Amino acid sequence: MSEKSPHAMPAILRWAQHHPLAGYLWITFGFSWGLWLFPLWIHLDDPLTFRHLVSIGAFGPALGGLVMTMLSSQQREKPRSMEPFFLAFLAVGVLYFICLPYASALPLEASLSGWLARFFLFLAAAGVILVFFTSGMARRPFQQASTSHPLVWYAIAILVYPFLLASGLLLSAALGQTLEVTLPAREWPLLLWRVLTSFTYIFLFGGPLGEEPGWRGFALPQLQQKFSPLWASLLIGVIWGIWHIPMHLNGFYPSAGPQNLPWELGIRLLTTTLVSFLYTWMYNRTSGNLLVCTLLHASFNTASAWMESTPISIAFLAGVVLVLIITGKMWRKIDPQERNK
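Take the sequence shown: its position 12, counting from 1, is numbered 11 in numbering that gives the first Met the number 0, and each next residue is one higher.
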């Protein structure tokens with residue numbers, strides 16, 4: 000037995016180098032689906048613990064991207080001081096408690112399992128921030144100033160999806176559909192504060208920070224080495240949609256009943272596939288600026304929490320995607336030399 004063990008790790012490393020995308024998917028789905036289905040298995044009835052387990056599971060893509068990058072890389076990061084991680088952990092915790100009362104219906108009080116879930120959620124968020132914002136392993140995607148006007152791209156990432164949703168709602172109202180507006184007429188400062196805190200909370204704990212380092216930071220570059228942006232976007236969109244399935248089964252996403260589950264899953268696949276093209280277009284246009292994609296994801300989730308998606312808004316999104324595919328010639332494979340510029 001002792002004679003075989005030294006050969007186990009080189010075999011894993013060789014497999015990772017030859018099958019990086021497959022390894023990424025195994026880790027991503029295994030980690031996320033395990034945490035998302037675990038509450039069903041133990042019949043968890045603690046809402047805060049449940050929702051935080053879902054949030055921790057959303058860091059599966061970042062974990063998969065990090066592990067596969069480390070396994071397939073010939074370079075190894077030198078051990079660093081724990082002080083930056085402690086500061087990141089502290090900052091994440093402070094932002095959590097500032098934003099929670101305005102961004103979520105979850106209580107500040109928690110059971111022991113709830114506090115443990117919070118602790119591991121803070122660990123996950125702080126770890127991703129530290130690794131993907133400051134580590135040489137992933138410094139380029141986050142810190143690269145890819146255009147002469149990077150702030151314009153950040154603004155586009157934050158505003159494009161709320162604009163599409165709002166346009167769809169207004170047109171739906173103009174066509175006679177009932178449009179319920181619940182915004183307080185005389186509380187705009189509070190409203191803006193709630194939007195800001197919701198955006199911050201969702202950015203850190205609602206999926207974007209945990210997903211984008213994996214889907215766009217690792218999987219998209221891997222796929223674009225073999226396929227055109229069009230096919231890479233389509234593949235990621237479908238896989239990304241399938242990845243969400245356990246959240247439709249464990250009660251995280253509101254459902255109209257089991258009979259509507261196929262329809263809800265179909266809408267999920269359609270939406271993730273459509274927005275996948277938008278993410279790919281933004282990623283390539285900014286030469287791989289992952290922060291732009293993370294802001295776009297946070298904007299998407301925040302706007303979806305505040306405004307209902309209508310068939311018209313989905314049609315608007317499909318129209319925008321079609322224009323981007325045509326004008327960006329996304330069916331053409333990116334030249335390696337152009338990618339490295």
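Note that the Cβ used here is the ideal one computed from N, Cα and C, for glycine as well. What you are looking at is a predicted structure, and each value in this text was computed from that prediction instead of being measured.
With a CB to CB cut of under 7 Å and the five nearest residues on each side skipped, what residues in its chain are close to residue i?
| i | result |
| --- | --- |
| Cys98 | Thr196, Thr199 and Tyr200 |
| Cys292 | Glu211, Arg215, Tyr278, Met281 and Tyr282 |
| Arg138 | Low confidence applies here, because Arg138 scores a pLDDT of 45, under 50, leaving its location unreliable and the question unanswered by this model. |
| Leu120 | His51, Ser54, Ile55 and Phe204 |
| Gln223 | Ala231 and Ile333 |
| Ser71 | Ala15, Gln16 and Pro19 |
| Leu219 | Ala231, Ile235, Thr279 and Tyr282 |
| Leu12 | Leu70 |
| Met246 | Trp35, Val53 and Tyr252 |
So, helix, strand or coil for residue i, using DSSP?
| i | result |
| --- | --- |
| Arg331 | coil |
| Thr293 | helix |
| Gly113 | helix |
| Met246 | helix |
| Ser298 | helix |
| Gln16 | helix |
| Gly318 | helix |
| Phe96 | helix |
Hey, could you find the ends of the alpha helix (DSSP H) residue i is sitting in?
| i | result |
| --- | --- |
| Ser166 | Pro149 to Ala173 |
| Arg215 | Element bounds for Arg215: n/a, residue is neither H nor E. |
| Ser197 | Trp187 to Phe204 |
| Ser103 | Here Ser103 belongs to no alpha helix (DSSP H), and DSSP marks it neither H nor E. |
| Phe251 | Run containing Phe251: none; DSSP gives neither H nor E here. |
| Ser31 | Pro19 to Ile41 |
| Asn283 | Leu260 to Arg284 |
| Met306 | Met306 -> no alpha helix (DSSP H), and no H or E assigned at all. |
| Gly59 | Gly59 to Ser71 |
| Pro46 | Pro46 to Gly56 |
Should residue i be counted as a contact of the ligand NAD given a C-beta to heavy atom distance under 8 Å?
| i | result |
| --- | --- |
| Ala154 | In the structure shown, the ligand NAD is absent, as is every other ligand, since no ligand is present at all. |
Tell me which residues share the same chain as residue i and place their Cβ nearer than 8 Å to its Cβ, disregarding the 5 neighbours each side in the sequence.
| i | result |
| --- | --- |
| Phe226 | Leu234 and Lys332 |
| Leu39 | Leu248 and Asn249 |
Rounded to the nearest angstrom, how far is the Cβ of residue i from that of residue j, given a contact under 8 Å?
| i | j | result |
| --- | --- | --- |
| Gly113 | Thr48 | 5 Å |
| Phe58 | Gly209 | 4 Å |
| Trp305 | Thr271 | Trp305 to Thr271, Cβ: 20 Å. No contact. |
| Arg193 | Tyr101 | 5 Å |
By Cβ distance, which residues of its chain are closer than 6 Å to residue i, with the 5 residues on each side in sequence left out?
| i | result |
| --- | --- |
| Ser171 | Thr309 and Ile311 |
| Leu163 | Ser312, Phe315 and Leu316 |
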